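Colleague: Quick one: the structure is below, questions incoming.
There are 2 protein chains.
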Amino acid sequence: MTSPPHADPMATAAVTIAPASGLSSRTGWDVVESAFRPDLTVPSGSNFLVGNGYLGYRGTFEEDRQDGFVACVVSDTYDMADGKWQELCNAPNGLFTSLSIEGELVSPASGTVDDFERRLDLRHALFSRRLTWRSGGPAATISSERFASLSDIHLLAMRYTVTLDRAADLDLSTGIDGRVWSLNGDHFSDCRAEQVGDRLVMTATMRESGRNLVVAEALIAPALAGLPVSEGDRQIVRSGSVPVPAGDALELVKLVAIYSGNDVADPRAAALAGLDRALAAGYDRLKADHAAAWDAQWADTDVRIDGDPVAQVALRFCLYHNIIATPAHSDHLPVGARGLSCQAYQGAAFWDQEIFNLPAFLFTRPAVARALLTFRHKTLDGARGKARRLGYRGAFYAWVSGASGEELCPDFFFKDVLSGRPIRNHFNVWQIHVSPDIVYAIRQYWRATGDWDFIVEFGAEIVFEVARFLVSHAYFKEDKNRYELIRLLGPDEYHENVDNNAFTNHMAAFALHTAAAIHERLATENAERLAALAKSIDLDADEPSTWTRVGDRMYLPEPDPETRLIPQFDGFFGLADRRPDEVRQDLKDPGEYWGWPNGVAVHTQVSKQADVVQLFCLHDVFDDAVVRANYDYYEPRCQHGSSLSYSAHALVAARIGHADQAYDYFLRTARVDLENTAKAVSGGTFIGGIHTAACAGAWQVAVFGFGGVRLVDGALAIDPRLPERWSALSFPIAYRGGHMTVTATRDGVTVTADPNNPAPLPLRVAGVPVDLAPGEAFGPQSARSTS
Amino acid sequence: MTSPPHADPMATAAVTIAPASGLSSRTGWDVVESAFRPDLTVPSGSNFLVGNGYLGYRGTFEEDRQDGFVACVVSDTYDMADGKWQELCNAPNGLFTSLSIEGELVSPASGTVDDFERRLDLRHALFSRRLTWRSGGPAATISSERFASLSDIHLLAMRYTVTLDRAADLDLSTGIDGRVWSLNGDHFSDCRAEQVGDRLVMTATMRESGRNLVVAEALIAPALAGLPVSEGDRQIVRSGSVPVPAGDALELVKLVAIYSGNDVADPRAAALAGLDRALAAGYDRLKADHAAAWDAQWADTDVRIDGDPVAQVALRFCLYHNIIATPAHSDHLPVGARGLSCQAYQGAAFWDQEIFNLPAFLFTRPAVARALLTFRHKTLDGARGKARRLGYRGAFYAWVSGASGEELCPDFFFKDVLSGRPIRNHFNVWQIHVSPDIVYAIRQYWRATGDWDFIVEFGAEIVFEVARFLVSHAYFKEDKNRYELIRLLGPDEYHENVDNNAFTNHMAAFALHTAAAIHERLATENAERLAALAKSIDLDADEPSTWTRVGDRMYLPEPDPETRLIPQFDGFFGLADRRPDEVRQDLKDPGEYWGWPNGVAVHTQVSKQADVVQLFCLHDVFDDAVVRANYDYYEPRCQHGSSLSYSAHALVAARIGHADQAYDYFLRTARVDLENTAKAVSGGTFIGGIHTAACAGAWQVAVFGFGGVRLVDGALAIDPRLPERWSALSFPIAYRGGHMTVTATRDGVTVTADPNNPAPLPLRVAGVPVDLAPGEAFGPQSARSTS
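Dropping the structure here:
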């Protein structure tokens, strides 16, 4: 790809990007914390996370331990320790390093601290921190830098230096700390430490699978050679007193390799071998390879905003987090709702994956979107099992899906904080829209990439099984001559147990029609494969016509002819017409869950998040007047109790020309984590961490909302409408096997096709149909924003 | 009818009938309280109630006021004062009379009391009380007697005497006290007192209707002539000091007439006229007429038990209360779930009316059963309106039905006592079985009486409209080729929101088939009437075949082939298998509601009351092995949190030969009120008063359970099985326009037909088919109990 065409607008001035949490940016590519905020320990750990889709290492300090919420969350390590919550494991902390001077721990939480800085370099995914510390004795200046390699995803690397203003003995301890934070139980039935040559190794045995998670660490620090190694409870460290001359930098480099038994047969051998390779390359080479991988990543991904440094950094922060959350290396792992930033949400996929995270890959690195959808194919058996257990046919995807596709969502999710009783939420059995959501994503993938092979190989089976599930879930209402979906939970989770949720019914009808369409094309083009598939899933000849019939007669709540309003579900407008701020007054405890069974929102029209509005984000079947009427009605009644809500509102607001609201919601979705506005605990359950869907939603708002990109029949429409303060917006787009760069300015929109594209790209630029040949540019064409 | 054949077994000895509340019986026909129990003020008021189906006057003392829970509940005075609960009005208390001696109120709650007795004569429905009171001054002996006339239902009468052991001045006050107890708000927007000649009149204007409830009172007491009348706030009394010589009885008689604007156009005139008639007749004549009416009533109703005085009195107590609760004078009023004993349950019909109260009339005074079913016809429009509002067709009967048939059950019924928040219970929208229950009662009425005219005139329309409702409620499940009923509340109210409740689905299928059968017979025999009816309710020609189809393919959960268990609803056996006593330990507050949404029973198999067991009470379609397996499974999991539960368990236990349990549950249903075992408040809502359905259920256990009476094809089967301690059981039965007496002893069963019967009665006595001619007897035939 060509590199972004704009000069960096923020190379010099520091800009406050998140006042509430005291974060700023100096380069447009970094997030900087200049004063340590102990009250933000948990969110700071997430915000300054480094990761690579395989592991996420929280942005804590080297000397931090369990009580500082240190965690290195490793993908594909699902384990249940408490009989209820299966979640990813936090690996032993191989970067652990602490210093004491005269008996006192060097840490921003103690002593006097000057020149404090914690910084995340988004461009090259580098964490760094710096401080000068004093407490009576000599002043120590620490600088550290770390990364989770994008070129070797099993590798963590750190460079750490300390300088004293006068000679002194430092008490130093560095090694592996296995006493890690864990949300729901101790996942290690055993934890063994050993010294292998100069290297330290910790092998933790996961409770459920019995497989091992291995952390191997090497230290490169000539000054520390020969420090004695000691083992404690889940700890193996080199420690001792080291004399440090005044002004000399004591430097140490640590390399850490992490493998689990789900990655390789012998994770210990793999970790030691990986460590040897890393030692051979050395820190600088590893860092250069890592940076090159990120340069390539950004070339495919970066969205440039001119004229709005805050939006620019916040959006890059979001893209960064969406990337490091996503297991692009794998086709059998999901994007966790909190990525790898912590154990919350069980490291598992929700509908977020297809509806929020995936589009940002579909139009930048479509192979990643393919891998995520392939994950859904690999988990079909889990979905089939869930359907069968609940008395349905086909595939009922888990609301919370780890690698197996088994339902990880427990029956009792939240807690009634007033009575202390667990609440039987029904996310796992009533929120069926996840299945048609996956079909929707498959259809979008197919439309955007033209990758019919994927449909043939994987997509068709998923889609057929979902269609079967939907048919077996639907009820026919004879007197109304229609199919209905009963007892649902739509996107607005405050209202469980509803009928004919407009969003779900539309998604279901779309999925049924998609299944019939794919079946028809397979029958024409891939009859042999279809025959094999039909045999393997026992498909009756009349099922496809049933899909069409049920899809055609699926009840789709119509807009009221007068008000144009679409009821979110049957009887919605009969609920108490209250607003979120009023309803909040009814809380008896701020930690109360607002929803089922008797929370403050249940009997009101207050929604947790976009629902009818969410429908408009996905289906272009309503005219603007309907969309506007519904947005205007539902928006003030929405509490945005889910981080998914802002981007949906921004997208729809952008479509209907509510420019200020679109921009406001864009910033809200982009800064959910930077500003730490989302609550970390709800109904007694920890839900903190990075909101990966909100991050990916920010990309959607920039590209779909302001960039005006959308799939229309047989083409990609591009019709930007920039927020007022933006002078330009530029982004790369992958489409139908080719690439292009879209640049919108006040003068219009220009689309430039990559010269290496295999074929012309069918586009509709600001309403004008164009077949853009490889290497050609079209524009500037006046777009809506400048009309 | 012939009078009962047995000598009174208890004419002499006093027997304790309810130890917990200190009640005994001297005659087998009375309930006696010998020590005043202030802790039982509310239940005593109910137990000693007098009434006649038009009004109920609680068994409180003459001097009692609001804080003593005095109430005179008048039928057909539905009024809503608080915006939520429509309930019957408590009329101003026309019997109010208080005495003071030397400034102290003569009352069992004060002074020293000897010879206290409160007594209810069940045979002649007379309340009496007596006490000798002292407090320093002269001793006063008060005796009073009252009745609510059964021969003039608007009339209350009282005779009251006081004797002093030495001459003194009595301060006396008697008149009308309009400051009455009210559960939910003040129902009188206005309350005017006046003196009309010697009579006192109070006219209370009901808030909702604006109609008047009038109480007119006359005093017959020569010694009190000329006492000055004074008016206060909702009070008009004659009061003053009266000299009473030692040993002389001061006697006063009060007559009170009560009419409302729902009874007559001018209730004031009617009350004054009624009072004049009563005055002309005089107390003794009125009492004799009243007693004669009760003699006739008992001749049709009394069930004699030999060898078990406790059971005998308890059962008579139940029959008495079922009778006085029932508006036999009307065909447009329901039996309230608490009768007229208080305002709880809104003076309204529940399914209790058809399934519990009605059978005791159907087989004793079938005209009353007809009137109750006619009430359901008169309320069809209310049921149609409810169906329409909720998106259904036909008639969806109110869960709580007053005279209009409008749904009186509020959306928010109970309260979460832990949070103080109202609970959205769904009795009004999900407990649909009340509609097919009514059809069931109609079918039973038709089978027991042969009264096809009722079906033609009223029954068919009800049944057709219910069938329509059921069709519009049912969903067709295509992949299972069956109709399902979704989102139900079965009899077990702790489990809301269930699918395919076995009880409801069976009742619905039965109702649909009944509708088709009635339609078919109408088409043959009453084609003209059918045509008119079809026109008036817009019945399509193909609807009856739809009823058959939906009825035939209604999903009826089958007994498991191995365990023989029938799931109470879909997924029931997946709930936590706990027992009521365990679950009770989870309560955080004894007043908590156990059910929806998050009560202690919700996620367990603990049921509130008989549900599958209730099904067996009504439908004879399962063999004994299935019934036994299910009874044995469900019985220990039932909390009996509803007073309806005991009789259902007794009936089924009797059928399957669990003799001890049958007897135990019989006593429990018969003594619910005597023993005061049911709680008066649940989830913050007052639910005290007489449990009329439990009372009527006791009759069912005696006659259906132990008497072995049941409707079989074309005949009445009688096959008694007596509890061990009973030497004989005898009861009258009305059937097919005739009457008979059934007498079961250890020697066998004898059935004697009334000589005035119009035709032979088709019977099956202890398994032997008999056409019993008028005046003939059959037996003794060995029955199961003696085999």
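Protein sequence lines correspond, in order, to chains P and X. The opening position of the first sequence corresponds to residue 13 in the working numbering, with each subsequent residue numbered one higher. The opening position of the second sequence corresponds to residue 13 in the working numbering, with each subsequent residue numbered one higher. Even glycine gets a Cβ: it sits at the ideal position worked out from N, Cα and C. All figures in this text were calculated on a predicted structure; none of them were measured in a lab.
(1) I believe aspartate 314 of chain X touches arginine 297 of chain X by the beta-carbon criterion, under 8 Å. Please report the beta-carbon distance rounded to the nearest angstrom.
(2) For arginine 405 of chain X, which option in X:Gly351, X:Arg396, X:Leu100 has the closest C-alpha, if you only look at C-alpha atoms?
(3) Determine the direct distance from the alpha carbon of isoleucine 578 of chain X to that of glutamate 570 of chain X, and round the result to whole angstroms.
(4) Just to confirm my understanding: we take proline 448 of chain P, look at its own chain, exclude 5 residues before and 5 after, and list those with CB closer than 7 Å. What are they?
(5) Just the C-alpha distance for alanine 546 of chain X and arginine 561 of chain X, rounded to the nearest angstrom, thanks.
(6) So, are the CB atoms of leucine 741 of chain X and alanine 765 of chain X less than 8 Å apart?
(7) Of all the beta strand (DSSP E) runs that stay within the bounds of the stretch 673–726 of chain X, which reach a length of 3 or more residues?
(8) Under 8 Å, with one C-beta from each stretch per pair, do the stretch 535–554 of chain P and the stretch 605–625 of chain P reach the 3-pair mark?
(9) To the nearest angstrom, how far is the alpha carbon of serine 739 of chain X from that of alanine 671 of chain X?
(10) Listing by chain order, which chain B residues have their CB less than 8 Å from the CB of valine 483 of chain P?
(11) Decide if the stretch 40–47 of chain P is in contact with the stretch 321–335 of chain P; the criterion is three or more beta carbon pairs, one per stretch, under 8 Å apart.
(12) Going along chain X, which residues have a C-beta under 8 Å from isoleucine 154 of chain P?
(13) Name, please, each residue of chain P whose Cβ falls closer than 7 Å to the Cβ of tyrosine 605 of chain X.
(14) Arginine 499 of chain P touches chain X at which residues, Cβ-Cβ below 9 Å?
(15) Grouping DSSP H, G and I as helix and E and B as strand, with all else coil, what is cysteine 203 of chain X?
(16) Report the neighbours of isoleucine 578 of chain P on chain X: residues whose CB is nearer than 8 Å to its CB, in chain order.
(17) In whole angstroms, what separates the C-alpha of glycine 414 of chain P from that of aspartate 320 of chain P?
(18) Look up tyrosine 409 of chain P in the DSSP assignment and say whether it is helix, strand or coil.
(19) Could you list which residues in chain P have their beta carbon closer than 7 Å to that of serine 431 of chain X, in chain order?
(20) Going along chain P in order, which residues have a C-beta closer than 7 Å to the C-beta of histidine 615 of chain X?
(21) Between aspartate 759 of chain X and arginine 401 of chain X, what straight-line distance do the alpha-carbon atoms span, to the nearest angstrom?
(22) Using 8 Å as the threshold, is the stretch 221–230 of chain X in touch with the stretch 264–276 of chain X, meaning 3 or more CB pairs across them?
(23) Determine, for asparagine 610 of chain P, whether the minimum Cβ-Cβ distance to residues of chain X falls below 8 Å.
(24) Applying the criterion that 16 or more other CB atoms from any shown protein chain within 10 Å of the CB defines a buried residue, is alanine 28 of chain X buried or exposed?
(25) Thinking just about the alpha-carbon of each residue, which of X:Phe368, X:Ile336, X:Trp306 is nearest to the one in glycine 63 of chain X?
(26) State the CB to CB distance for the pair arginine 289 of chain X and aspartate 189 of chain X, rounded to an integer number of angstroms; the pair is presumed to be in contact (CB under 8 Å).
(27) Mind checking whether arginine 667 of chain P and alanine 727 of chain P have CB atoms under 8 Å apart?
(28) Would arginine 405 of chain P count as contacting chain X if we go by Cβ distances under 8 Å?
(29) I want to verify the contact list: residues of chain P whose CB lies under 8 Å from the CB of tyrosine 506 of chain X, in sequence order.
(30) Can you tell which of P:Gly462, P:Trp711, P:Thr516, P:Asp164 has the C-alpha that lies nearest to the C-alpha of histidine 631 of chain P?
(31) Give the range of the alpha helix (DSSP H) segment to which tyrosine 66 of chain P is assigned.
(32) Would aspartate 364 of chain P be called buried (16 or more neighbouring beta carbons within 10 Å of its own) or exposed?
(33) Nearest chain P C-beta to tyrosine 487 of chain X closer than 8 Å, yes or no?
(34) Could you give the DSSP three-state label for cysteine 547 of chain X: helix, strand or coil?
Modeller: Judging by the given coordinates:
(1) Taking the first residue of the second sequence as position 1, residue 314 of chain X is located at position 302. Taking the first residue of the second sequence as position 1, residue 297 of chain X is located at position 285. Rounded, the Cβ-Cβ distance is 25 Å, inconsistent with contact.
(2) Working through the second sequence from its first residue, we reach residue 405 of chain X at position 393. Arginine 405 of chain X has its Cα closest to that of X:Arg396, out of X:Gly351, X:Arg396, X:Leu100.
(3) The sequence position of residue 570 of chain X within the second sequence is 558, counting from 1. The sequence position of residue 578 of chain X within the second sequence is 566, counting from 1. Approximately 6 Å, taken between the alpha carbons.
(4) As a working note, residue 448 of chain P is residue 436 in the first sequence. Excluding residues up to 5 positions away in sequence, Val478, Leu482, Met519, Ala520, Phe522, Ala523 lie with their Cβ nearer than 7 Å to the Cβ of proline 448 of chain P in the same chain.
(5) As a position in the second sequence, residue 546 of chain X is number 534, starting the count at 1. As a position in the second sequence, residue 561 of chain X is number 549, starting the count at 1. Cα to Cα, alanine 546 of chain X sits roughly 19 Å from arginine 561 of chain X.
(6) Reading the second sequence from its first residue, position 729 is the one you call residue 741 of chain X. Reading the second sequence from its first residue, position 753 is the one you call residue 765 of chain X. Contact: no.
(7) Secondary structure in the stretch 673–726 of chain X: the beta strand (DSSP E) runs of 3 residues or longer, each lying completely within the stretch, are 721–724 in chain order.
(8) As far as the Cβ criterion goes, the stretch 535–554 of chain P does not touch the stretch 605–625 of chain P, which means the pair count is below three.
(9) Taking the first residue of the second sequence as position 1, residue 739 of chain X is located at position 727. Taking the first residue of the second sequence as position 1, residue 671 of chain X is located at position 659. Their Cα atoms are separated by approximately 15 Å.
(10) Among the protein chains of the structure shown, namely P and X, there is no chain B.
(11) Between the stretch 40–47 of chain P and the stretch 321–335 of chain P, the count of C-beta pairs closer than 8 Å reaches three or more; the two stretches touch.
(12) In the first sequence, residue 154 of chain P corresponds to position 142, counting from 1. The premise fails here: isoleucine 154 of chain P is roughly 51 Å from chain X at the closest Cβ pair, so nothing lies under 8 Å.
(13) The residue given as residue 605 of chain X occupies position 593 in the second sequence. Result: empty, since nearest Cβ-Cβ is about 11 Å, beyond 7 Å.
(14) Here residue 499 of chain P refers to the residue found at position 487 of the first sequence. Listed along the chain, the chain X residues whose CB falls inside 9 Å of the CB of arginine 499 of chain P are Ile498, Arg499, Asn509, Asp511.
(15) Here residue 203 of chain X is taken as the residue at index 191 of the second sequence, counted from 1. Of the three classes helix, strand and coil, the one that applies to cysteine 203 of chain X here is strand, per DSSP.
(16) By 1-based counting over the first sequence, the position of residue 578 of chain P is 566. By Cβ distance, chain X contributes nothing, its closest Cβ being about 17 Å from isoleucine 578 of chain P, past 8 Å.
(17) As a working note, residue 414 of chain P is residue 402 in the first sequence. As a working note, residue 320 of chain P is residue 308 in the first sequence. Their backbone Cα atoms lie some 38 Å apart in a straight line.
(18) Here residue 409 of chain P is taken as the residue at index 397 of the first sequence, counted from 1. Correct three-state label for tyrosine 409 of chain P: coil.
(19) By 1-based counting over the second sequence, the position of residue 431 of chain X is 419. Within chain P, the residues whose beta carbon sits less than 7 Å from that of serine 431 of chain X are Leu430, Lys600, listed in sequence order.
(20) Numbered from 1 along the second sequence, position 603 holds the residue referred to as residue 615 of chain X. Counting only Cβ-Cβ distances below 7 Å, histidine 615 of chain X has contacts in chain P at Arg436, in chain order.
(21) In the second sequence, residue 759 of chain X corresponds to position 747, counting from 1. In the second sequence, residue 401 of chain X corresponds to position 389, counting from 1. In this structure, the alpha-carbon of aspartate 759 of chain X lies about 58 Å from that of arginine 401 of chain X.
(22) With the cut-off at 8 Å, the stretch 221–230 of chain X and the stretch 264–276 of chain X touch.
(23) Counting from one through the first sequence, the residue named residue 610 of chain P turns up at place 598. It does: the Cβ of asparagine 610 of chain P has a partner Cβ on chain X nearer than 8 Å.
(24) By 1-based counting over the second sequence, the position of residue 28 of chain X is 16. Correcting the residue type first, residue 28 of chain X is threonine in the shown sequence and not alanine. Answer is exposed; the Cβ neighbour count stays below 16.
(25) Here residue 63 of chain X refers to the residue found at position 51 when the second sequence is read from its first residue. With distances taken between Cα atoms, glycine 63 of chain X lies closest to X:Ile336.
(26) If you number the second sequence from 1, residue 289 of chain X lands on position 277. If you number the second sequence from 1, residue 189 of chain X lands on position 177. About 24 Å separates the two Cβ atoms, so there is no contact after all.
(27) Here the question's residue 667 of chain P lines up with position 655 in the first sequence. Here the question's residue 727 of chain P lines up with position 715 in the first sequence. Taking a C-beta distance under 8 Å as the contact criterion, arginine 667 of chain P and alanine 727 of chain P do not qualify as a contact pair.
(28) Here residue 405 of chain P corresponds to residue number 393 of the first sequence, with the count starting at 1. Yes, arginine 405 of chain P lies at the interface with chain X (some Cβ there is under 8 Å from its Cβ).
(29) Position 494 of the second sequence, counted from the start, is the residue given in the question as residue 506 of chain X. Chain order gives no chain P residues near tyrosine 506 of chain X, where near means a beta carbon separation below 8 Å; the closest approach is about 14 Å.
(30) If you number the first sequence from 1, residue 631 of chain P lands on position 619. Answer by Cα proximity: P:Thr516.
(31) Position 54 of the first sequence, counted from the first residue, corresponds to residue 66 of chain P. Segment: none, tyrosine 66 of chain P is in no alpha helix (DSSP H) and carries neither H nor E.
(32) By one-based count along the first sequence, residue 364 of chain P stands at place 352. Flag for aspartate 364 of chain P reads buried.
(33) For the purposes of this step, residue 487 of chain X is identified with residue 475 of the second sequence, where counting begins at 1. With a threshold of 8 Å between beta carbons, tyrosine 487 of chain X makes contact with chain P.
(34) Position 535 of the second sequence, counted from the start, is the residue given in the question as residue 547 of chain X. Correcting the residue type first, residue 547 of chain X is lysine in the shown sequence and not cysteine. Note: lysine 547 of chain X maps to helix in three-state DSSP.
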